[in-house]
Amino acid sequence: MGHSAAVWDFRAATEITKDQNGIGQVVLRTPQGASARVSLLGAQVTSWRNEQGEELLFTSSKTISKALKATRGGIPICFPQFGNCGSLELHGFARNRMWAVDENPPPLPANDSSGKSFVDLLLKSSEEDMKCWPHSFEFRLRVSVTKDGDLSLISRIRNINGKPFSFSFAYHTYLLVSDISEIRIEGLETLDYLDNLFQKERITEQGDAITFESEVDRVYLSSPNVIAVLDHERKQTYVIKKEGLPDVAVWNPWEKKSKAMVDFGDEEYKQMLCVDAAVIEKPVNLKPGEEWTGRLQLSVVPSSFCSYHVGLDSSSL
Ligand code: BG6
1 MGHSAAVWDF
11 RAATEITKDQ
21 NGIGQVVLRT
31 PQGASARVSL
41 LGAQVTSWRN
51 EQGEELLFTS
61 SKTISKALKA
71 TRGGIPICFP
81 QFGNCGSLEL
91 HGFARNRMWA
101 VDENPPPLPA
111 NDSSGKSFVD
121 LLLKSSEEDM
131 KCWPHSFEFR
141 LRVSVTKDGD
151 LSLISRIRNI
161 NGKPFSFSFA
171 YHTYLLVSDI
181 SEIRIEGLET
191 LDYLDNLFQK
201 ERITEQGDAI
211 TFESEVDRVY
221 LSSPNVIAVL
231 DHERKQTYVI
241 KKEGLPDVAV
251 WNPWEKKSKA
261 MVDFGDEEYK
271 QMLCVDAAVI
281 EKPVNLKPGE
291 EWTGRLQLSV
301 VPSSFCSYHV
311 GLDSSSL
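Under the working numbering, the residues of the sequence shown are numbered 1 to 317, in order.
Below, the structure is given as structure tokens:
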């Protein structure tokens with residue numbers, strides 16, 4: 001017998017287990033069979049599956065499980081630094097820290113928990129982190145799977161310091177794709193981007209949609225709040241909706257860089273594409289007591305849905 005959303009106990013559908021390395025992880029399930037897995041290491045979403053049980057996020061078969069090191073794939077959280085744009089380790093330290101399950105988070109608007117399977121995770125600045133980034137913060141992440149199988153991530157970062165601080169941020173999202181040469185991104189055309197392959201030179205995107213035939217490492221600036229990643233071969237489209245996250249990092253290492261990465265298969269660049277909702281160009285400035293929120297919602301629709309249906313023109317999440 002199926003469960004109706006009204007009687008389904010979403011808290012009971014949230015299970016805390018351990019991965020093969022003994023690290024805590026939370027499994028979220030919906031009555032319809034969609035699921036997500038979130039590691040307490042980095043609050044990294046390591047799996048997101050649709051109702052048919054098909055995986056939607058890429059994880060490298062060569063990923064290395066090391067103490068306090070993010071795995072290669074899923075959705076690592078980049079905070080308080082994206083990439084190498086500051087003095088911290090690449091993409092900041094949050095992805096390499098143990099997070100705690102937050103049993104009693106400050107409330108979010110009512111519709112953020114109704115009808116969803118969710119977990120709240122919390123990271124606070126440690127004494128060790130304060131040595132390289134001397135700012136006290138509370139970072140709350142809610143990960144949810146909606147009854148339609150969408151994956152939603154809401155980050156709330158609060159300054160509990162006596163002084164202002166600023167940070168950059170990204171949901172470093174490894175999408176699983178059928179074949180990179182069949183992929184097209186819609187929603188970034190005509191925007192300016194910073195090209196990491198050319199010393200962050202600012203370039204204006206030409207042409208229609210973005211396609212891939214060599215290494216790409218770019219940060220698209222001031223993008224719309226809805227973008228689409230079309231997978232021609234699978235006939236499915238990832239719809240990325242975001243709020244508070246103006247920039248989009250797009251990364252595929254292609255052949256040569258793949259071979260140079262120890263935790264990535266030589267041919268795996270064909271099956272992945274990172275499309276990261278982010279705040280990079282203009283870091284967030286938080287005064288004492290202030291809180292910033294950044295939301296991401298990922299869904300998958302058949303590609304026969306045209307831009308009109310997925311709301312490429314709309315701005316709300
Ligand atoms: C991308 C960056 O977002 O992430 C790249 O723009 C970087 O420059 C890539 O190489 C992977 O980073 P990491 O730390 O996960 O290997």
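Heads up, the beta-carbon is just placed ideally off N, CA and C, and yes, glycines get one too.
Anticipated Cβ contact below 8 angstroms, Arg234 with Ala209, distance rounded:
In this structure Arg234 is not in contact with Ala209, their Cβ atoms being roughly 17 angstroms apart against a cut-off of 8 angstroms.
Would you say Val219 faces chain B, with C-beta separation under 8 angstroms as the test?
Checking the listed chains, one finds no chain B in this structure; it contains a single protein chain.
Neighbourhood of Ile154 by C-beta, 6 angstroms cutoff - its chain only, sequence neighbours within 5 removed
Arg142 and Arg295
Is Phe198 helix, strand or coil when you go by DSSP?
Of the three classes helix, strand and coil, the one that applies to Phe198 here is helix, per DSSP.
Within its chain, find whatever has a CB closer than 6 angstroms to the CB of Asp19; leave out the 5 residues flanking it on each side and keep chain order.
Gln25
For the ligand BG6, is there any heavy atom lying closer than 7 angstroms to the beta carbon of Asn196?
yes
heavy atom of the ligand BG6 below 7 angstroms from Gly339 C-beta
Given that the chain is displayed from residue 1 to residue 317, the structure contains no residue 339 and the question cannot be resolved.
Limits of the alpha helix (DSSP H) - the one that Ser258 falls within
Trp254 to Ala260
Helix, strand or coil: how does DSSP classify Glu268 here?
helix
Just how far apart, CA to CA, sit Ser168 and Tyr220?
When the Cα atoms are used, Ser168 and Tyr220 turn out to be separated by approximately 14 angstroms.
Grab the span of the alpha helix (DSSP H) containing Asp148 for me, first residue to last.
In the DSSP assignment, Asp148 falls outside any alpha helix (DSSP H), carrying neither H nor E.
For Ala228 and Tyr238, I'd like the C-alpha separation in whole angstroms.
6 angstroms
Check each candidate in Lys287, Cys274 and Ile180 and name the one with the smallest Cα separation from Asn161.
Lys287
So does Trp251 have its beta carbon nearer than 7 angstroms to some heavy atom of the ligand BG6?
Checking every heavy atom of the ligand BG6 against the Cβ of Trp251, one is found closer than 7 angstroms.
Nearest-angstrom Cα distance between Ala5 and Gly33?
Only weak support is given to the placement of Ala5: the predicted model assigns it a pLDDT of 42, under 50, and the question is left unresolved by the model.
If you count every other CB in all the chains shown that lies within 10 Å of the CB of Asp266, and 16 or more means buried, which is it?
exposed
With Leu28 and Phe118 assumed to form a contact (beta carbons below 8 angstroms), what rounded beta-carbon distance in angstroms separates them?
7 angstroms
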